[in-house]
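Visitor: My questions will all concern the structure given below.
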Amino acid sequence: MKKICALVYASMVCLLFTVLPGCYKDKGNYDYNMPEEPVITGLDSVYNVLVGDSLIIAPKIEIKSASSLSYEWRIGTPDPKLEDVVDSGSAMRVIFGLQAERYYGKLTVINNDNGMKYFRYFIVSGQTNFFKGTTVLSVENGETHVSFIKMDGSVQARLYGAVNPNTPLPTAPTQLVALPEAYRPGTVKTYWVFGKNGINTGVRIDANTFRANRVLKEHFFDAPETITASNMFASSFGVLVGVVNDKLIVGESRTWDQAPIFGMFPLPAPGDYTLSSEMIYTDGILDGYFSFTGFDKVKKQFVRLGIPGDATYYGTAYDVLGTAFDPKNLGTDIFKMLKIRGGIGYAYSKTETGTFEYKFNAQFNPGNSGTQQITFNAMRKRAFMRPELIKPNTLWAANTSEIIFFSSGDRIYRYNPENEDFRELTTTFNGKEITMLKVSGAIGDTLIVGVEGSIYYLNVGVGANGELVKKTDGIPGAPIDIATR
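Written as C-alpha cells, this is what we have:
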C-alpha cells in the first residue's frame, strides 16, 4: 500500500514539473486588432436654440477604415406625451418644436462594415425671445405689472398682463425672485412675484413664456388659511426659501427636479419663534454652506436657523464672541439687516435714545468631518452718525466690499462704515422718489436705481461716485424689483 502511494506521489510531482515550465513559456497571442474609432470634431456640449427655429448640428466625422457609416440622432423628452426628436444623416437638421427646457441628446455613429456603434452626448437648451434680458416688477396706479427689457434696450411693457388676462398679480408688490434650474446657479427657470395683498399673494411665472403656472396657495402640501411671504430667497437647489407667516420655510428639493412636488412647501421649521422679515441667507453652493441668521421680533434676539434636511430652528444655540452687544438679548427691534458676505452683516435699530448700527459675523456653519463653527461674533455697536438721512421710505443695499448705499428722499448716499464716510452720489433723479435700490456685478460695482418710469444704472466701482452708465425709460409706473438673465 505504501509503495502504491509513493508511486502516485512521484507521478504527480513529475507531471507538475512537466506542465508548469510549458505554461510559463507559452506567451500566448494577445495582439488584438481593435476597430478604428471615428474622430468627431465640432460637436459642442450644449446647443441653445429658439423654440420654432431650425436646429442644425453638423460635426465633422472621420474614420478611414470604414467604407460605410450611418448615423442616428435622438433628443430625448421626459414627457411621455411627447415623442423624441430623431434624425439621420451626418448632420442633424430639424425644426425645434419642443418646449423651452433642457434636453439630453445622443449621436450614434454606426460602422456598417462591422456593426460597431459609437456614442456621443450633448444637451439642447430650448429658449425663447426672453432668454436674455431684464424682467421688471413695477406698480402703476395700484396695479402690479411685470415687463421685460430686451437686450437692445426696448421695453415690452405690461407683458404679464397681456399673456395672463385671467390670473391677477398680487397688489402692493414686494419682490421678484428668479429661481434657477436645480443645482445650476446663474440660470433662470421661473419667476415668483410676491405682494402684500390681493387674491394671490404669490404667483409663479415661467421664465421662457411668462405664463403663470402656479399661485402661492397651491405651492403648499397643506396650505394655511392665510399666507404672508415677507422675505423670500432663491436657493441654488432651485427652490424657494424664506419667511412665511413669521416662520422659516424651505421648498422640497429631495426629489427629482421635474417632479410636480419639487419645490413645494412642507411644514415650516417648528419652534417658539416669530421671525422678522429681515434675514441673512447663506447658500450651500454660492457661499459654501446653508444657514440663516434671523431676528426674533418678539424676543428681540438674533436666532440661528438651518437646513440639515428639513428646515430647522436652533434659536440661540450658538456661542457668543465679542462683547459689543448681546445678540441673545438685544432689547430692541431692528428695522434693517444687510448681508455683506458669508455670515458678515449689519443691523440697524431705532430707539428713544437714537439710531444704532451693529456689525456681526454669524458663523452658523456646521462644518465638515464633524467639526462645527457655531458662533456669533458681536463685533461692534455704535450710534449711526447721520440718522436724519434715514426716512420712512429709505431703501438699502450693500456690496461685498462692505460699502452700503441708502436712499434719502430723492438722493442716494454711499456709506463706508469702516471710516464712517458719507458721500452723496453724483446722479440725481429730478425730485422723483426712489422705489428700488439694488447692487449688481461680481463685487457690486453697479448700483441699479428705480424711479417712476425709469431704471438707472450707476457706476459705484473704485474711484467712481455714482456716475450714470445707462438709463432705461418706458417702465410702467414705479419699479419695485428686477431680475436679469
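Numbering (my numbering) for the sequence shown: 161 to 645.
All residues carry an ideal CB built from backbone N, CA and C; glycine is no exception.
Just the Cα atoms here: how many angstroms apart are F354 and T201?
Guide: Along the sequence shown, one-based indexing puts residue 354 at 194. Along the sequence shown, one-based indexing puts residue 201 at 41. C-alpha separation (whole angstroms): 47 Å.
Visitor: Please report the straight-line C-alpha distance between M424 and L376, rounded to a whole angstrom.
Guide: Stepping through the sequence shown from its first residue, residue 424 is reached at position 264. Stepping through the sequence shown from its first residue, residue 376 is reached at position 216. Distance between the alpha carbons of M424 and L376: 9 Å.
Visitor: Could you check whether P333 and V299 sit closer than 8 Å to each other, using their CB atoms as the reference points?
Guide: Position 139 of the sequence shown, counted from the first residue, corresponds to residue 299. Position 173 of the sequence shown, counted from the first residue, corresponds to residue 333. Yes. Within cutoff.
Visitor: Per DSSP, V296 forms a beta bridge with which residues?
Guide: The residue labelled residue 296 in the question sits at position 136 within the sequence shown. Bridge partners of V296: S307, I642.
Visitor: Going along the chain, which unbroken runs of the beta strand (DSSP E) with 3 or more residues stay wholly within the region 248 to 288?
Guide: For the region 248 to 288, whole beta strand (DSSP E) runs of length 3 or above, ordered along the chain, are 252 to 255, 262 to 271, 277 to 287.
Visitor: In the DSSP assignment, find the unbroken alpha helix (DSSP H) run with Y320 in it and report its ends.
Guide: The residue given as residue 320 occupies position 160 in the sequence shown. Looking at the DSSP string, the run of the alpha helix (DSSP H) that includes Y320 is 319 to 323.
Visitor: Within 10 Å of its beta-carbon, does N590 have 16 or more other beta-carbons around it, so buried, or fewer, so exposed?
Guide: Working through the sequence shown from its first residue, we reach residue 590 at position 430. Flag for N590 reads exposed.
Visitor: With a 10 Å radius around its C-beta and 16 neighbouring C-beta atoms as the bar for buried, classify L435 as buried or exposed.
Guide: For the purposes of this step, residue 435 is taken as residue 275 along the sequence shown, with counting starting at 1. Flag for L435 reads buried.
Visitor: Nearest CA to the CA of S509: which residue from V399, Y263, Y617, I494?
Guide: Against the sequence shown, residue 509 aligns to sequence position 349. Among V399, Y263, Y617, I494, the Cα nearest to that of S509 belongs to I494.
Visitor: Quick one, which of M311, E378, G286 has its alpha-carbon nearest I235's?
Guide: Taking the sequence shown and counting its residues from 1, the one referred to as residue 235 is at position 75. The option with the nearest alpha carbon to I235 is G286.
Visitor: So, for T295: in the same chain, excluding its five sequence neighbours on each side, which residues have a beta-carbon less than 7 Å away from its beta-carbon?
Guide: Counting from one through the sequence shown, the residue named residue 295 turns up at place 135. Within the same chain, T295 has close Cβ partners V306, F308, L336, Y351, I642, A643.
Visitor: Based on the DSSP secondary-structure assignment, which residues constitute the bridge partners of M699?
Guide: The shown model of the chain, from 161 to 645, leaves out residue 699, and the question about it has no answer.
Visitor: Could you check the C-alpha separation between I270 and M252 for me, to the nearest Å?
Guide: Residue numbering aside, residue 270 sits at position 110 when the sequence shown is read from its first letter. Residue numbering aside, residue 252 sits at position 92 when the sequence shown is read from its first letter. For I270 and M252, the distance between alpha carbons rounds to 15 Å.
Visitor: Measuring straight from C-alpha to C-alpha, what distance separates S614 and N391?
Guide: Position 454 of the sequence shown holds residue 614. Position 231 of the sequence shown holds residue 391. Using only the alpha carbons, I get a separation of about 25 Å.
Visitor: What residue range is occupied by the uninterrupted beta strand (DSSP E) comprising L361?
Guide: Along the sequence shown, read from residue 1 onward, the residue named residue 361 stands at position 201. One point to set straight first is that residue 361 is Thr, not Leu, in the sequence displayed. Per DSSP, T361 belongs to no beta strand (DSSP E) and is neither H nor E.
Visitor: Closer than 7 Å by C-beta to D382: which residues in its own chain qualify, once you throw out the five before and the five after it? Chain order, please.
Guide: Against the sequence shown, residue 382 aligns to sequence position 222. Hits under 7 Å: none found.
Visitor: Of the choices N324, G448, T515, I440, whose alpha-carbon is the least far from that of I500?
Guide: If you number the sequence shown from 1, residue 500 lands on position 340. If we check each option's Cα against that of I500, I440 comes out closest.
Visitor: May I ask you to report which of helix, strand or coil DSSP gives K457?
Guide: On the sequence shown, position 297 is the one that residue 457 refers to. Of the three classes helix, strand and coil, the one that applies to K457 here is coil, per DSSP.
Visitor: Specify the secondary structure class of K551 as computed by DSSP and reduced to three states.
Guide: Looking up residue 551 in the sequence shown gives position 391. Three-state result, K551: coil.
Visitor: Report, in whole angstroms, the separation of the C-beta atoms of A419 and T472, which I expect to be a contact under 8 Å.
Guide: Your numbering for residue 419 matches position 259 in the sequence shown. Your numbering for residue 472 matches position 312 in the sequence shown. Incorrect: roughly 23 Å between the Cβ atoms, too far for contact.
Visitor: Identify every residue that forms a DSSP beta bridge with G610.
Guide: For the purposes of this step, residue 610 is identified with residue 450 of the sequence shown, where counting begins at 1. M596, I615.
Visitor: Using CA coordinates, which residue listed in I217, E303, N576 is at the minimum distance from V206?
Guide: What you label residue 206 is simply residue 46 of the sequence shown in a count that begins at 1. V206 has its Cα closest to that of I217, out of I217, E303, N576.
Visitor: Checking the sheet assignment: what are the DSSP bridge partners for T535?
Guide: Walking along the sequence shown from the start, residue 535 turns up at place 375. DSSP, once it has assigned bridges, lists D479, Q523 as partnering T535.
Visitor: Quick check on the burial criterion: 16 or more other C-beta atoms within 10 angstroms. Buried or exposed for L446?
Guide: On the sequence shown, position 286 is the one that residue 446 refers to. Its Cβ having fewer than 16 others within 10 Å, L446 is exposed.
Visitor: Take the Cβ of G249 as the centre, count every other Cβ of all protein chains shown within 10 Å, and call the residue buried at 16 or more, exposed below.
Guide: Numbered from 1 along the sequence shown, position 89 holds the residue referred to as residue 249. When all chains shown are included, G249 counts as exposed.
Visitor: Anyone know if the C-beta pair for Y449 and R464 falls short of 8 Å?
Guide: Position 289 of the sequence shown, counting from 1, holds the residue named residue 449. Position 304 of the sequence shown, counting from 1, holds the residue named residue 464. Result no, Cβ atoms of Y449 and R464 do not sit closer than 8 Å.
Visitor: How far does the beta strand (DSSP E) with G402 in it extend, from its first residue to its last?
Guide: Residue 402 sits at position 242 when you count from the first residue of the sequence shown. Counting along the chain, the beta strand (DSSP E) containing G402 begins and ends at 400 to 404.
Visitor: Just reading off the beta strand (DSSP E) that F582 is part of, what are its end residues?
Guide: Reading the sequence shown from its first residue, position 422 is the one you call residue 582. Unbroken beta strand (DSSP E) run through F582: 581 to 584.
Visitor: So who's on the other strand from S230, going by DSSP bridges?
Guide: On the sequence shown, position 70 is the one that residue 230 refers to. Answer is I270.
Visitor: Suppose you measure from the CA of T483 to the CA of F462; what does that come to, to the nearest Å?
Guide: Here the question's residue 483 lines up with position 323 in the sequence shown. Here the question's residue 462 lines up with position 302 in the sequence shown. So the alpha carbons of these two residues sit roughly 15 Å apart.
Visitor: DSSP three-state call for E378: helix, strand or coil?
Guide: Counting from one through the sequence shown, the residue named residue 378 turns up at place 218. Residue state, collapsed to three classes: helix.
Visitor: Pull the bridge partners of S347 from the DSSP assignment, please.
Guide: Numbered from its first residue, the sequence shown carries residue 347 at position 187. This sequence places Thr at residue 347; Ser is not what is there. In DSSP, T347 forms a bridge with P345.
Visitor: Suppose you measure from the CA of R262 to the CA of E243; what does that come to, to the nearest Å?
Guide: For the purposes of this step, residue 262 is identified with residue 102 of the sequence shown, where counting begins at 1. For the purposes of this step, residue 243 is identified with residue 83 of the sequence shown, where counting begins at 1. Approximately 15 Å between the Cα atoms of the pair.
Visitor: Regarding P238 and the ligand HEM, is the C-beta to nearest heavy atom distance less than 7 Å?
Guide: In terms of ligand content, the structure shown is empty, and the ligand HEM therefore cannot be addressed.
Visitor: Excluding the five sequence neighbours on either side, which residues of its own chain have a C-beta within less than 7 Å of the C-beta of V254, listed in chain order?
Guide: Here residue 254 is taken as the residue at index 94 of the sequence shown, counted from 1. Same-chain partners within the cutoff: L215, V245, D247.
Visitor: Classify W233: buried if its beta carbon has 16 or more other beta carbons within 10 angstroms, exposed otherwise.
Guide: Within the sequence shown, numbered from 1, the residue matching residue 233 stands at position 73. W233 is buried by the Cβ-count criterion.
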